[in-house]
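I have placed the structure first, in the form of structure tokens, so that the comments after it can refer back to it.
Numbering (my numbering), first residue to last: -9 to 127.
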């Protein structure tokens, strides 16, 4: 019996900083945080009002959580709403990254980060190589 050539699908991706993430979207976000020089932790669990939340990223210096909402199934959306409710109840700073934001994650994520981080602390970086851009950009 011949085996069909079934393409192998990657289920984990190694980031520039060594984190191993679960999707290409998470890879893009994690690498961008790394390029910006932002200290970040990937996937851990915290408790909010006695309920566990497994976050995607935590920025310890600024006490900001980042969630990447990369799926859209019924059960996933229900869990998303529950997590959002817990973040609100815990009065935690949260940046929600929707899949559509990946089209221009360099601008979108930096705008969201600047809402919580001291004004202009984030420098603009080239989306291709990560080099800091000067004031012309």
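Think of the CB as a built atom: it goes at the ideal place given N, C-alpha and C, for glycine as much as any other residue.
| Asked | Found |
| --- | --- |
| Three-state class that DSSP yields for residue 20 in the structure shown | helix |
| At least 3 beta-carbon pairs within less than 8 Å: the stretch 26 to 35 vs the stretch 77 to 87 | no |
| For residue 53, the three-state DSSP class (helix, strand or coil) | coil |
| Member of 70, 62, 63 whose CA lies at the smallest distance from the CA of residue 45 | 70 |
| Residue span of the beta strand (DSSP E) that contains residue 34, given as start and end | 31 to 38 |
| Exposure label - residue 63; buried when at least 16 CB within 10 Å | exposed |
| Proximity of residue 39 and residue 76 at Cβ, strictly below 8 Å | yes |
| Selected residue, minimal CA-CA separation from residue 35, among 17, 24, 56 | 56 |
| Same chain, Cβ closer than 7 Å to residue 41, neighbours up to 5 away in sequence not counted | 76 |
| Beta-carbon separation (whole angstroms), residue 102 vs residue 85, contact threshold 8 Å | 4 Å |
| Alpha-carbon spacing of residue 21 relative to residue 5, whole angstroms | 6 Å |
| Separation of residue -6 from residue 91, as counted between CA atoms | 37 Å |
| Runs of beta strand (DSSP E) lying entirely within the stretch 67 to 104, each at least 3 residues, in chain order | 83 to 88 |
| Cβ-Cβ distance between residue 88 and residue 47 below 8 Å | no |
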